[in-house]
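J.: Questions regarding the structure given below will be posed in turn.
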Amino acid sequence: MTPVIEQIVHKENGLSYPSGLAYDQEDHVLYIVDMRGKRVRQLDLDRKSLWTIRDERGVIAFPLAITLYKEGLLVTDTKKKAILQYTKLGWRQFEIDTGNERPLQFPGSIAADESGNVYVADFTTDRICRIDGNTRKLTVLRDIRCHQPYGIFVRHQTLYVTDTGNKRILQYDLRMRTLFPYCEGISSIAVAVHPNGRIYVSENRKLYQFDPRSKSLSLLLDASTWKQFSYPKLCHIGSLCIQNEADLIFTDTIKNTVYRLSLQQ
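Just so we're aligned: the sequence shown equals residues 7 to 271 in the numbering used here.
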């Protein structure tokens, strides 16, 4: 498998610590969380145009991760310890009924399923939280025992979590409430799952592909293979998203760049 890398957003585009990605396949639009810029950027991959989503009321404080949600977006904000929602009406805080549960302390990665339920990794409290799409009630998925979970992804009623503190990936069946650990020994950061079921996971300067059927783990990128490209030094693969059947998009948060990786058999 030969990696082909294309730089699609450059440092000169003004990114400052791009920490989150989400891709809208219908509109061919990539959303990028520009953490230190305190904004969300929008890249039209067909027109190659990049612009900022307006935040006229200054709702965004310190954004981290992002997911598509219904007719808009959800973004985690670590300074506000909250989730922010963007719709055609603009930005506002996503209301959550915490009930007897502790409120979010450090909301990291975020994902949403087909029913509108939201999943968020609360990094400093070692929790994976579920927010009901109808009632907005927060519950803690206590079957998922983890330490410093960072990345999260949901697909077909299966939740994938980077159990960063324990150096592994967790796969959780939301229906059966069964938990499977994978990729032990990897200091995982971000995770994304391909339509064929293959799991992509990043470390600082490494990118892996894991096939849960064969239990095979393949190294796609590291500092050594990166040297064949004429790009800035690879420093920190902080976020991943699947663009289509053949392409994976990732950020180097330290170098303020976004890349597309195409896998050719």
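The C-beta atom is built at its ideal place from N, Cα and C for all residues, glycine as well.
Here the structure is a predicted model, which means the values were calculated and not measured.
With distance defined between alpha-carbon atoms, name the residue in Leu144, Gln91 and Thr82 nearest to Ile102.
T.: Numbered from its first residue, the sequence shown carries residue 102 at position 96. It is Leu144 whose Cα lies nearest to the Cα of Ile102.
J.: How is the alpha helix (DSSP H) around Thr231 delimited, first residue to last?
T.: Position 225 of the sequence shown holds residue 231. Under the DSSP assignment, Thr231 falls in the alpha helix (DSSP H) whose first and last residues are Ala229 to Trp232.
J.: Would you tell me roughly how many angstroms separate the C-alpha atoms of Tyr92 and Gly78, rounded to the nearest one?
T.: The residue you call residue 92 lines up with position 86 of the sequence shown. The residue you call residue 78 lines up with position 72 of the sequence shown. Rounded to whole angstroms, Tyr92 to Gly78 spans 5 Å at the Cα level.
J.: Would the beta-carbon of Thr257 fall within 9 Å of that of Tyr265?
T.: Taking the sequence shown and counting its residues from 1, one reaches residue 257 at position 251. Taking the sequence shown and counting its residues from 1, one reaches residue 265 at position 259. In contact: Thr257 and Tyr265 (Cβ atoms closer than 9 Å).
J.: What separation, rounded to the nearest whole angstrom, lies between the Cα atoms of Ala196 and Ser208?
T.: Residue numbering aside, residue 196 sits at position 190 when the sequence shown is read from its first letter. Residue numbering aside, residue 208 sits at position 202 when the sequence shown is read from its first letter. Approximately 5 Å between the Cα atoms of the pair.
J.: Does the segment 212-231 touch the segment 127-137, meaning 3 or more C-beta pairs lie closer than 8 Å?
T.: no
J.: In the DSSP assignment, find the unbroken beta strand (DSSP E) run with Pro113 in it and report its ends.
T.: Numbered from 1 along the sequence shown, position 107 holds the residue referred to as residue 113. Run containing Pro113: Pro113 to Ala118, per the beta strand (DSSP E) assignment.
J.: Give the DSSP-derived three-state secondary structure of Gln271 in the structure shown.
T.: By 1-based counting over the sequence shown, the position of residue 271 is 265. In this predicted model, Gln271 has a pLDDT of only 49, less than 50, meaning its place in the structure is not dependable; the value taken from the coordinates is given anyway. In the structure shown, Gln271 sits in coil (DSSP, three-state: anything other than H, G, I, E or B).
J.: If we call anything under 9 Å between Cβ atoms a contact, is Ser194 one with Thr164?
T.: For this step, residue 194 is matched to residue 188 along the sequence shown. For this step, residue 164 is matched to residue 158 along the sequence shown. Not in contact: Ser194 and Thr164 (Cβ atoms no closer than 9 Å).
J.: State the CB to CB distance for the pair Cys241 and Ala198, rounded to an integer number of angstroms; the pair is presumed to be in contact (CB under 8 Å).
T.: Along the sequence shown, one-based indexing puts residue 241 at 235. Along the sequence shown, one-based indexing puts residue 198 at 192. The Cβ separation is near 19 Å, so there is no contact.
J.: Short check: CB of Ile116 to CB of Thr82, under 9 Å?
T.: Looking up residue 116 in the sequence shown gives position 110. Looking up residue 82 in the sequence shown gives position 76. Yes, they are a contact pair.
J.: Just to confirm the assignment: which complete alpha helix (DSSP H) runs, minimum length 4, are found wholly within the segment 88-171?
T.: none
J.: For Asp149, which of Gly122, Gln177 and His162 has the nearest alpha-carbon?
T.: Position 143 of the sequence shown, counting from 1, holds the residue named residue 149. When only C-alpha atoms are compared, the closest one is Gln177.
J.: So Met41 and Ser55 are supposed to be a Cβ contact under 8 Å. How far apart are they, rounded?
T.: Locating residue 41 in the sequence shown gives position 35, where the first residue counts as 1. Locating residue 55 in the sequence shown gives position 49, where the first residue counts as 1. About 22 Å; that fails the 8 Å criterion.
J.: For Lys94, which residues from the same chain have a beta carbon less than 8 Å from its beta carbon, with the 5 sequence-adjacent residues on both sides left out?
T.: Here residue 94 corresponds to residue number 88 of the sequence shown, with the count starting at 1. So the list reads Glu77 and Gly78, once near-sequence residues are dropped.
J.: So, for Lys86: in the same chain, excluding its five sequence neighbours on each side, which residues have a beta-carbon less than 8 Å away from its beta-carbon?
T.: Translated into positions along the sequence shown, residue 86 becomes position 80. Here the set comprises Ala67, Phe68 and Gln99.
J.: Are there 16 or more other CB atoms within 10 angstroms of the CB of Trp97, so buried, or fewer, so exposed?
T.: Walking along the sequence shown from the start, residue 97 turns up at place 91. Label assigned to Trp97: buried.
J.: Taking C-alpha atoms, which residue in Tyr29, Tyr214, Phe129 and Leu74 lies nearest to Gln154?
T.: For the purposes of this step, residue 154 is taken as residue 148 along the sequence shown, with counting starting at 1. Comparing alpha-carbon positions, the option among Tyr29, Tyr214, Phe129 and Leu74 lying closest to Gln154 turns out to be Phe129.
J.: Could you give the distance in angstroms between the alpha-carbon of Glu190 and the alpha-carbon of Glu62?
T.: For the purposes of this step, residue 190 is taken as residue 184 along the sequence shown, with counting starting at 1. For the purposes of this step, residue 62 is taken as residue 56 along the sequence shown, with counting starting at 1. Each residue's Cα considered, the two are about 44 Å apart.
J.: Give me the Cα-Cα distance between Tyr156 and Ile175, rounded to the nearest whole angstrom.
T.: As a working mapping, residue 156 is identified with position 150 in the sequence shown. As a working mapping, residue 175 is identified with position 169 in the sequence shown. In a straight line, the C-alpha of Tyr156 is about 10 Å away from that of Ile175.
J.: Can you name, in chain order, every residue of its own chain whose Cβ lies under 6 Å from the Cβ of Asp217, other than the five neighbours on each side?
T.: The residue labelled residue 217 in the question sits at position 211 within the sequence shown. Result list for Asp217: Arg204, in chain order.
J.: Asp253: which of Asn262, Ser245 and Leu267 sits nearest, CA to CA?
T.: Working through the sequence shown from its first residue, we reach residue 253 at position 247. For the residues Asn262, Ser245 and Leu267, the minimum Cα distance to Asp253 belongs to Leu267.
J.: Output the distance between the C-alpha atoms of Arg47 and Ser245, rounded to the nearest integer angstrom.
T.: Reading the sequence shown from its first residue, position 41 is the one you call residue 47. Reading the sequence shown from its first residue, position 239 is the one you call residue 245. In a straight line, the C-alpha of Arg47 is about 15 Å away from that of Ser245.
J.: Counting along the chain, where does the beta strand (DSSP E) carrying Gly244 start and finish?
T.: Counted from its first residue, the sequence shown places residue 244 at position 238. Counting along the chain, the beta strand (DSSP E) containing Gly244 begins and ends at Ile243 to Ile248.
J.: Using a Cβ-Cβ cut-off of 7 Å (strictly less than) and excluding sequence neighbours within five positions of Asn19, which residues of its own chain qualify?
T.: To locate residue 19, count along the sequence shown from 1; it is residue 13. Cβ neighbours of Asn19 beyond the five flanking positions: Leu56.
J.: From Leu269 to Thr104, what does the alpha carbon distance come to, in whole angstroms?
T.: The sequence position of residue 269 within the sequence shown is 263, counting from 1. The sequence position of residue 104 within the sequence shown is 98, counting from 1. Approximately 42 Å between the Cα atoms of the pair.
J.: Per DSSP, what kind of secondary structure is Lys17 in: helix, strand or coil?
T.: As a first step, residue 17 must be located in the sequence shown, where it is residue number 11. Lys17 falls in the helix class under three-state DSSP.
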